[in-house]
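Novice: Counting in the working numbering, the sequence shown runs from 62 upward without gaps.
Attaching a single structure in structure tokens format; questions to follow.
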Amino acid sequence: MPTGHENEGYRRLFETDGLTFGAGFPLTGANRSTPDPEAEIRLAKRAEAVGFDGLWARDVPTYWPEFGDAGQTFDPWPWLSHVAAHTDEIALGTSSIVLPLRHPIHVAKSAATVDRLSDGRLVLGVASGDRDPEYPAFGVDRDERGALFRDHVETLRTLWRDEFPEREGRWGSLDGALDVVPKPTAETIPLLPTGNARQSREWIAEHGDGWLFYHLPERTLTDYLDAWREAAGEKPFAMAVRAELADDPTAEPEQLHLGYRAGTEWFQDYFGRLAELGVDHVIVSIENDDPERGIERFAAAIIDAD
């Protein structure tokens, strides 16, 4: 069974009272071009200082203009190592590593490296992928991504847990002659399947350390959380929300793609409802012409008010 709760990042996100908040890269909002690394690091340090509990980097191997964005552009492994060197205690997350497009030995080694360099702050969102042209680019059968995802999750657990493991899959085989080092700080790095990942909810509940989901309307979210608690007990549920803070704190909500534009008073009520429903962590993409001001406003109005 997963034991990701021993990981420091997992504890920071999920073993505190109330709802915790993370910020999603790129913090500067530059998701179709290469963001300024110095600006991103400055904002990451500011987010940690004002009370955010996590910083999340997306895994977008290739840029597909039709999809609309390139994530934070930088590969998540060196990027999170860089972020780890400039922060102290904030959790570092991936949202999410596309397992079918990456060799599990590389994922195991890269993730354990970041985990070690950050003193155990890494939490891995993992996904089956959703950009169709990437599968042929990597020589992966799109129809096999669900099976590959399951195999890679089990392989990662084995590579982190066992010395000189024996394991065979479509990726290759290990016969006990080789080990994969370093090992993570805990028995396993926490794995949060993202969305449905081509799996049943029961599989995710059994094999994941929690569940990471996209923004959902509250009525739909209630149904998902009820089903999740029935299947997974107290394992955490995290979700992503896009938030644009209106200048008027009393402004009523306007629907955005995967989130809302509203005043801070409405957002206070909204995140309070999410906490009551049983959401444990929210990854917030803050929309603001002045990103630092947006981070500070959100922290003052929402995190400090919690």
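Cβ atoms here follow ideal geometry from the backbone N, Cα and C, with glycine treated the same way.
Predicted, not measured: the structure shown is a model, and the values here were computed from it.
1) Taking 6 Å as the limit between beta carbons, can you name the residues of its chain near THR95, skipping five residues before and five after?
2) Which class does LEU252 belong to by DSSP, given the choice of helix, strand or coil?
3) Rounded to the nearest angstrom, what separates GLU67 and GLU295 at their Cα positions?
4) Where does the unbroken alpha helix (DSSP H) through ASP176 begin, and where does it stop?
5) Inspect the beta-carbon positions of MET300 and VAL242 and report whether they are closer than 7 Å.
6) Enumerate, from N- to C-terminal direction, the unbroken beta strand (DSSP E) stretches of 3 or more residues contained entirely within the stretch 277-359.
7) Helix or strand or just coil, what does DSSP make of ALA84?
8) In this structure, does DSSP put THR219 in helix, strand or coil?
9) Taking the alpha-carbon positions, what's the ALA131 to LEU335 distance?
10) Using beta carbons (cut-off 7 Å, strictly below), is ASP176 in contact with chain B?
11) DSSP on ARG264, reduced to helix/strand/coil?
12) In terms of DSSP beta bridges, what is SER234 paired with?
13) Please classify GLU195 as buried or exposed, where buried requires at least 16 neighbouring CB atoms within 10 angstroms.
14) In chain order, what residues of the same chain lie with their CB nearer than 6 Å to the CB of LEU183, ignoring the 5 residues before and after it?
15) Among all the DSSP beta bridges, which residues are the ones paired with GLY186?
16) Please report the straight-line C-alpha distance between ALA292 and LEU277, rounded to a whole angstrom.
17) ARG262 to LEU306, Cα distance in whole Å?
18) Would you identify the three-state DSSP class for VAL214, choosing helix, strand or coil?
19) Please go through the same chain and pick out, in chain order, the residues whose beta-carbon is closer than 7 Å to the beta-carbon of ASP240, but skip the five residues on each side of it.
20) Closest to ALA169 by CA distance: which of ASP120, THR216, GLY269, PHE75 is it?
21) Please report how far the alpha carbon of ALA173 lies from the alpha carbon of LYS244, in whole angstroms.
22) So what does DSSP say about ILE151, is it helix, strand or coil?
Specialist: Per the coordinate set shown:
1) Taking the sequence shown and counting its residues from 1, one reaches residue 95 at position 34. These residues qualify, in order along the chain: THR134.
2) The residue given as residue 252 occupies position 191 in the sequence shown. Note: LEU252 maps to strand in three-state DSSP.
3) As a working note, residue 67 is residue 6 in the sequence shown. As a working note, residue 295 is residue 234 in the sequence shown. So the alpha carbons of these two residues sit roughly 15 Å apart.
4) Counting from one through the sequence shown, the residue named residue 176 turns up at place 115. From DSSP, the alpha helix (DSSP H) with ASP176 extends over 165-178.
5) For the purposes of this step, residue 300 is taken as the residue at position 239 of the sequence shown. For the purposes of this step, residue 242 is taken as the residue at position 181 of the sequence shown. In this structure, VAL242 does not lie closer than 7 Å to MET300 by Cβ.
6) 298-306, 315-317, 320-323, 342-348
7) Position 23 of the sequence shown, counted from the start, is the residue given in the question as residue 84. In this structure, DSSP gives ALA84 an extended state, which the three-state scheme calls strand.
8) Here residue 219 refers to the residue found at position 158 when the sequence shown is read from its first residue. In this structure, THR219 counts as helix in the three-state DSSP scheme.
9) By 1-based counting over the sequence shown, the position of residue 131 is 70. By 1-based counting over the sequence shown, the position of residue 335 is 274. The alpha-carbon atoms of ALA131 and LEU335 are separated by roughly 29 Å.
10) The chain inventory of the structure shown lacks chain B, comprising one protein chain alone.
11) Here residue 264 is taken as the residue at index 203 of the sequence shown, counted from 1. Checking the displayed sequence, the identity of residue 264 turns out to be Trp instead of Arg. Helix, per DSSP.
12) Residue 234 sits at position 173 when you count from the first residue of the sequence shown. According to DSSP, which records beta bridges pairwise, SER234 is partnered with GLU229.
13) One-based indexing of the sequence shown puts residue 195 at position 134. GLU195 comes out buried.
14) For the purposes of this step, residue 183 is identified with residue 122 of the sequence shown, where counting begins at 1. Same-chain partners within the cutoff: GLY70, LEU153, VAL175, ASP176, ILE250.
15) Taking the sequence shown and counting its residues from 1, the one referred to as residue 186 is at position 125. Note: GLY186 sits in a beta bridge opposite LEU253.
16) Looking up residue 292 in the sequence shown gives position 231. Looking up residue 277 in the sequence shown gives position 216. The alpha-carbon atoms of ALA292 and LEU277 are separated by roughly 19 Å.
17) Residue numbering aside, residue 262 sits at position 201 when the sequence shown is read from its first letter. Residue numbering aside, residue 306 sits at position 245 when the sequence shown is read from its first letter. Taking the straight line from one Cα to the other gives about 34 Å.
18) The residue given as residue 214 occupies position 153 in the sequence shown. Looking at VAL214 - three-state DSSP - the assignment turns out to be helix.
19) As a working note, residue 240 is residue 179 in the sequence shown. GLU224, PHE225.
20) Translated into positions along the sequence shown, residue 169 becomes position 108. Residue THR216 is the option with its Cα nearest to ALA169.
21) Position 112 of the sequence shown, counted from the first residue, corresponds to residue 173. Position 183 of the sequence shown, counted from the first residue, corresponds to residue 244. C-alpha separation (whole angstroms): 6 Å.
22) The count along the sequence shown starts at 1 and reaches residue 151 at position 90. Correct three-state label for ILE151: coil.
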